Structure formats: structure tokens, C-alpha cells
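S.K.: Following this message is one structure expressed as C-alpha cells.
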Amino acid sequence: MSNQQIQSNTLFSFNIDDAIFDAAYPGGGRDSYHPKMLTKVIIYAYTQRIYSSRQIAKAVRENIPFMWLAGRQRPDFRTLNRFRSQRMKDVLETVFTAVLQFLADEKYISLEHYFVDGTKIEANANRYTFVWGKAVSKHKAKLQAKVHALFVDIEAVEKQEEQEHRGQDLSELGESAEIGREKLEQMTQALESQLLEKPKDKPLKKAVQKLRKDLMPRLLKYEQYQVLLGDRNSFSKTDPDATFMRMKEDHIRNGQLKPGYNVQIGTEYQFILTYSLHPRPTDTRCLWPHMEKARRILGKLPQTVIADAGYGSEENYAYLENEHVKAVVKYGSYHKEKSKAWKENIGKIENWTYDEAEDTWKCPAGQMLHFRKESKETLESGYEIRKRHYRSESCDGCLLKERCTRSTGNREVVVSLERLRYQKQAREILRSEDGYALAVRRMTEPESVFEQLKNNRGFRRFLLRGMEKVTLEVGWLSLAHNLLKQAANDQKRKAAILQ
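Going from the sequence shown to my numbering is simple: count from 1 and add 58.
Written out as C-alpha cells, the structure is:
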């Protein structure tokens, strides 16, 4: 047997219950290809760096390992593509969970440590079909101004013609009031009914035509854009679920934004435990939804979560603490705090002394900063950050003032005590023996998996479009990776036994 045949045989050394696929086949119609066969063919194709449905169908006809997995059946590319992107949308996660259960039963994974990280993968979308949130708001505001101006002109004409009943309706529009599509439709219909009474009124006819052919379609387009944007700052017209992000794979080196998705994975022993996709360019706000998906797939949250500084926000620390999960998570200034320049910077509040009983801060010059007020900041996720404001009584004559602050008045600081408490906890964990070992191990966990997916298996751009289908694509890729990793571990075990 060839190496490919041996590998394909090793990849599927466990059984999956046929009942798992019942949700994909409600019954009726002509006989279908067996879902297990199609699943094996697609997973094996992903292990061989074959992602196109046409190329997979070609391999089924020409490649011996593929023929063996397909039982000499020949599904065409439409069948394969429909199966992986539509049929399996409610089943793939269940198959992934079944494989994880097999890996846990066979002691490949323990589900104790959870290493999380993210990477950006380019979407299957045109790079120049972008829509920016700020531009949409700007154009919509200009359109609203044109609508107001148009109705002001109509109102002026009606007043001249002493038709007060129409003028009174239009005068209800304030200059700053925003006109929605439904309200504009009602007002346009009112003008059209008025035009029936005066069919020779050219200014009114011209205004109705402008509303119907120009202003209303544009307003509808901008409102649709805002719905698609949500809380994002951009999207692609080709794939509206994709957001424009900066990619590391920038071969032109011009910092060009490209449409893509933020792929988050959690790993242990370089096996993918959970995968999730997000339309956000940063990792900070991806942790909570990713961990909730991990809870659904694993049945519980892992005991320990290890992540880099991109996840070190107060909100994420609070979430992990509330879920009783040990957080080995760095924060943005963790490594800077170790430098000599940081320790000698007297302007940093981290180098000051806090008296919890008196609720005061003492600066290196001996000045006391007393509490003044508390403010609150609510994030888009709903998390509330409480910030406390402190101010010194007098900084006049202080010899260290130039090194402490550029302000001409007294020194004032705004600080979240919860954030400082979480950072202190993280610092103690990371500097412990176990925490340091896990932080070092993180460098060889998800980052190595991303290296294998992107470089070794050449997956740098999605083939499908839309969040749902792209998530399925990552699911197939994760399944293929886990089975390849399992097969490689089996080969190592056999080699060790033979030695």
C-alpha cells in the first residue's frame, strides 16, 4: 500500500453513529450517497490540501485512496459542495464533538488546559467592494439634508399658493429631524395624491420624480448598509459578513485592508478543541462568544484558559472569574512593567502606593491624591467599567512635577480599581512556576496549529461566502487537522513500540 493509503486508513480508525446524520437527511426523494462516505472523502481531501469541490470530484475519479474511501462511487462536484456547505450545517458540529469525545477517551486530550488564539483569514470577496460605516453615515446625513431642503421648497411654493393644509403637514419636519424610509414613503404618497389634483404642477411633479428615482432608493440603500454593518466599521459587498482587516500576509507591504474573518481556536496538545469565527479585527471582544461555544461543544468550560495580551481586558478577566476559570492571560503592559524605564517612570500609577482604607494614592513625591468622583463607561457588550477620579491638593513647587505630568494644574488620575486587581492576579499567576510554563507552552500550541493550517496545508483564503458557510469550512479544516494529528501520534507510538 502507498503512504496515502496507509494514512487514509489510519485517519478513520473509529466509528461514528449513523444517527448523527439523520438531521441532514429528513427523507424523501431518490437514494442519496451515504453521508459517512462523503464525510470521509471531504475530510481526507482537506488533509491533502484539496479544497475545491471540482478538484475533490476529480480526485474521486483518479486517485486510488479517494476511490477506496468512496467505495468506487463517483459523486460530482455539486453533490460534494452541497453536502459540505448545506447538508452538514446542523450536523458538522456534532461530528466534531464526537471526534473530540473519541480523542478524550483515547487520552489524546485531557480538556484541562485551553490555549486560545486568533488569526485573520481572507474572505472570498473582492478587495475593492468595500462599504465604510463612517462614509454611510456621512452620505445619509447629506441625503437627509437634501430631503429637508426639498420639502422646504415645496412648503414655500404651497404657502405662496395659499394651500395651508399641506404646508402645515410639512412644517412639522424639524431641520435636524431624521426622516426614516417609512415616513418618507408616506410623505411621498401624500405628494403624489396632491399631484393627481394638480397634474400640471411641474415643480411638484419634478419633486416627486426626484424622491422616487433618486432620494428614496438611496435612503433605502443606506439603511440596508447600516443594518449589515451593525456595530462594525466596514463590510464587503461581495461577502457582507466579511469585515475589512489588516492581514499579516501583506506581500505588497502597503498596509492594505482586506475583507476577512477573525478565526478563533482553542487547542490542547495541538488538537483543536473549539473553533469560532468573528467579524471583528481584534481578539479582545471575541473571547466571551468563543468560550460560550466551547461550553456548548465540550459540555463545560475548561479549568484553565491561557491567552496572550490581546485578550487581557477587564471585561475578559471578569468573565473568566465569574465562570471560576483560572486565567493565565497577559495584559498589554505586562512585559513593559519588567523594564527599567517603566519602573523608574514616576508618572505611572502602578509605581504609586494605594491606601485602601483611606482610598488615596501617594505619588513618589509624597503628595496625596484624594477621591473626587466616580464615572461609569458601558461597553458595546453591556459590561460596565467603573472609573474613580483622584486629584492632588497642590503640586506647586513639586520638583518631580515635570517628570510626573505635562499638566499645568494639579495631578489627576482616572483608574479602574477592578482592572488593577485583575492585573495583579494575572501578574502573580504568570510569574508562578506553573503559570510561566503554561505561558511558554502557549507559543507552541495555537500558533503552531495556525502555522500548519496556513503554511503546511496552504489554507490562506476561504472558498465559500457568508458566516454560516465559512464557519462550516473552518469546521471541516479543524476535523481534518485533528485526524491528521491523531494519525501522526499513532505513527509515533508505533515507532516507539518497535524501538
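Ideal placement from N, C-alpha and C gives every residue a C-beta, glycine not left out. From a predicted model like this one, the values you see are computed outputs, not experimental measurements.
Residue range of the alpha helix (DSSP H) that Gln-328 falls in?
M.R.: On the sequence shown, residue 328 is found 270 positions in, with the first residue counted as 1. Segment: none, Gln-328 is in no alpha helix (DSSP H) and carries neither H nor E.
S.K.: So, for Ala-117: in the same chain, excluding its five sequence neighbours on each side, which residues have a beta-carbon less than 7 Å away from its beta-carbon?
M.R.: For the purposes of this step, residue 117 is identified with residue 59 of the sequence shown, where counting begins at 1. Around Ala-117: Ala-103, Ile-108, Phe-124.
S.K.: Give the range of the alpha helix (DSSP H) segment to which Leu-413 is assigned.
M.R.: Taking the sequence shown and counting its residues from 1, the one referred to as residue 413 is at position 355. Correcting the residue type first, residue 413 is Asp in the shown sequence and not Leu. First-last for Asp-413: 411–413, but that is the beta strand (DSSP E), not the alpha helix (DSSP H).
S.K.: My output table needs one value for His-348: the three-state DSSP class, helix, strand or coil.
M.R.: Numbered from 1 along the sequence shown, position 290 holds the residue referred to as residue 348. DSSP places His-348 in helix when its eight states are reduced to three.
S.K.: Contact between the segment 355–366 and the segment 464–473: three or more CB pairs below 8 Å?
M.R.: Short answer: they don't touch.
S.K.: Since Leu-37 contacts Phe-329 with CB under 8 Å, what's their CB separation in whole angstroms?
M.R.: What is shown of the chain runs 59 to 557, which leaves residue 37 out entirely.
S.K.: Apply the 10 Å Cβ neighbour rule to Glu-432 and answer buried if 16 or more other Cβ atoms are within range, or exposed otherwise.
M.R.: Translated into the one-based positions of the sequence shown, residue 432 becomes position 374. Burial call: exposed.
S.K.: Are the Cβ atoms of Ala-115 and Arg-132 separated by less than 9 Å?
M.R.: Numbered from its first residue, the sequence shown carries residue 115 at position 57. Numbered from its first residue, the sequence shown carries residue 132 at position 74. Yes.
S.K.: In this structure, does DSSP put Pro-275 in helix, strand or coil?
M.R.: If you number the sequence shown from 1, residue 275 lands on position 217. Residue state, collapsed to three classes: helix.
S.K.: Which partner residues does Gln-322 have in the DSSP bridge list?
M.R.: As a working mapping, residue 322 is identified with position 264 in the sequence shown. In the DSSP output, where bridge partners are listed per residue, Gln-322 has Gly-176, Ser-334.
S.K.: Leu-478 and Tyr-448: beta carbons closer than 9 Å?
M.R.: As a working note, residue 478 is residue 420 in the sequence shown. As a working note, residue 448 is residue 390 in the sequence shown. Cβ atoms of Leu-478 and Tyr-448: not closer than 9 Å.
S.K.: Classify Arg-107 as helix, strand or coil using the three-state DSSP reduction.
M.R.: Here residue 107 refers to the residue found at position 49 of the sequence shown. DSSP places Arg-107 in coil when its eight states are reduced to three.
S.K.: Would you check if the distance between the CB atom of Gly-533 and the CB atom of Leu-150 is smaller than 9 Å?
M.R.: Indexing the sequence shown from 1 puts residue 533 at position 475. Indexing the sequence shown from 1 puts residue 150 at position 92. In contact: Gly-533 and Leu-150 (Cβ atoms closer than 9 Å).
S.K.: Enumerate in chain order the residues of its own chain whose CB-to-CB distance from Ala-183 is below 6 Å, with the five nearest sequence positions on each side excluded.
M.R.: Taking the first residue of the sequence shown as position 1, residue 183 is located at position 125. So the qualifying residues of the chain are Ser-294, Thr-296, Asp-297, Ala-300, Pro-317.
S.K.: Going by CA-CA distance only, name the one from Arg-145, Lys-445, Ile-179 that's closest to Gly-516.
M.R.: Within the sequence shown, the letter at position 458 stands for residue 516. Among Arg-145, Lys-445, Ile-179, the Cα nearest to that of Gly-516 is on Ile-179.
S.K.: Let me confirm a value: Asn-380 is counted as buried when at least 16 other C-beta atoms fall within 10 Å, else exposed. Which label applies?
M.R.: To locate residue 380, count along the sequence shown from 1; it is residue 322. Per the 10 Å Cβ criterion, exposed.
S.K.: Per DSSP, which one or two residues make a beta bridge with Ser-251?
M.R.: On the sequence shown, residue 251 is found 193 positions in, with the first residue counted as 1. None; Ser-251 has no bridge partner.
S.K.: Helix, strand or coil: which one does DSSP assign to Ser-439?
M.R.: Here residue 439 corresponds to residue number 381 of the sequence shown, with the count starting at 1. Ser-439 falls in the coil class under three-state DSSP.
S.K.: Could you tell me which residues DSSP pairs with Ile-52 in its beta bridges?
M.R.: Past the edges of the chain, shown from 59 to 557, lies residue 52, and the structure says nothing about it.
S.K.: Identify whether Pro-133 lies in helix, strand or coil by the three-state DSSP scheme.
M.R.: Within the sequence shown, numbered from 1, the residue matching residue 133 stands at position 75. The answer is coil: DSSP assigns Pro-133 none of H, G, I, E or B.
S.K.: Please determine, among Leu-535, Gly-493, Leu-522, the residue with the shortest C-alpha to C-alpha distance to Lys-566.
M.R.: Nothing about residue 566 can be reported from this structure: the residues present for the chain run from 59 to 557 only.
S.K.: Buried or exposed: where does Gln-267 fall if 16 or more other Cβ atoms within 10 Å of its Cβ makes it buried?
M.R.: The residue you call residue 267 lines up with position 209 of the sequence shown. By the 10 Å Cβ count, Gln-267 comes out exposed.
S.K.: With the cut-off set at 9 Å, would you say Lys-147 and Lys-527 are in Cβ contact?
M.R.: Sequence index remark: in the sequence shown, residue 147 carries index 89 (1-based). Sequence index remark: in the sequence shown, residue 527 carries index 469 (1-based). Yes; because the gap between Cβ atoms is below 9 Å, this pair is in contact.
S.K.: Is Met-426 helix, strand or coil by DSSP?
M.R.: Reading the sequence shown from its first residue, position 368 is the one you call residue 426. Met-426 falls in the strand class under three-state DSSP.
S.K.: In or out: Arg-145 buried (at least 16 other Cβ within 10 Å) or exposed?
M.R.: Counting from one through the sequence shown, the residue named residue 145 turns up at place 87. Buried.
S.K.: Can you give me the C-alpha to C-alpha distance between Leu-496 and Trp-190, rounded to a whole angstrom?
M.R.: Within the sequence shown, numbered from 1, the residue matching residue 496 stands at position 438. Within the sequence shown, numbered from 1, the residue matching residue 190 stands at position 132. Each residue's alpha carbon lies about 40 Å from the other.
S.K.: Closest to Lys-241 by C-alpha separation, out of Tyr-327, Leu-277, Pro-339, would be which residue?
M.R.: For the purposes of this step, residue 241 is taken as the residue at position 183 of the sequence shown. Of the candidates Tyr-327, Leu-277, Pro-339, the one whose C-alpha sits nearest the C-alpha of Lys-241 is Leu-277.
S.K.: Label Thr-332 either buried or exposed according to how many other C-beta atoms from any shown protein chain fall within 10 Å of its C-beta, with 16 as the threshold for buried.
M.R.: Here the question's residue 332 lines up with position 274 in the sequence shown. Its Cβ being crowded by 16 or more others within 10 Å, Thr-332 is buried.
S.K.: Between Gln-282, Ile-323, Pro-339, which lies nearest to Ile-306 when the distance is taken from Cα to Cα?
M.R.: Within the sequence shown, numbered from 1, the residue matching residue 306 stands at position 248. At residue 306 the sequence reads Lys, which differs from the Ile that was named. Answer by Cα proximity: Pro-339.
S.K.: Is it right to say Glu-222 is buried, meaning 16 or more other beta carbons lie within 10 angstroms of its own, or is it exposed?
M.R.: Along the sequence shown, read from residue 1 onward, the residue named residue 222 stands at position 164. Since pLDDT at Glu-222 reaches only 47, below the 50 mark, its modelled position is unreliable, and no value is offered.
S.K.: What is the DSSP secondary structure of Thr-418, reduced to helix, strand or coil?
M.R.: The count along the sequence shown starts at 1 and reaches residue 418 at position 360. Thr-418 falls in the strand class under three-state DSSP.
S.K.: Please report how far the alpha carbon of Ala-265 lies from the alpha carbon of Glu-236, in whole angstroms.
M.R.: As a position in the sequence shown, residue 265 is number 207, starting the count at 1. As a position in the sequence shown, residue 236 is number 178, starting the count at 1. Distance between the alpha carbons of Ala-265 and Glu-236: 19 Å.
S.K.: Name the DSSP bridge partner or partners of Phe-302?
M.R.: On the sequence shown, residue 302 is found 244 positions in, with the first residue counted as 1. In DSSP, Phe-302 forms a bridge with Pro-317.
S.K.: Closer than 8 Å is the cut-off here; do at least three beta carbon pairs connect the segment 343–360 with the segment 164–175?
M.R.: A contact exists between the segment 343–360 and the segment 164–175.
S.K.: How far does the alpha helix (DSSP H) with Glu-486 in it reach, from first residue to last?
M.R.: In the sequence shown, counting from the first residue as 1, residue 486 sits at position 428. Start and end: 475–488.
S.K.: According to DSSP, simplified to helix, strand and coil, what is Glu-432?
M.R.: Residue mapping note: residue 432 aligns to position 374 of the sequence shown, counting from 1. Correct three-state label for Glu-432: strand.
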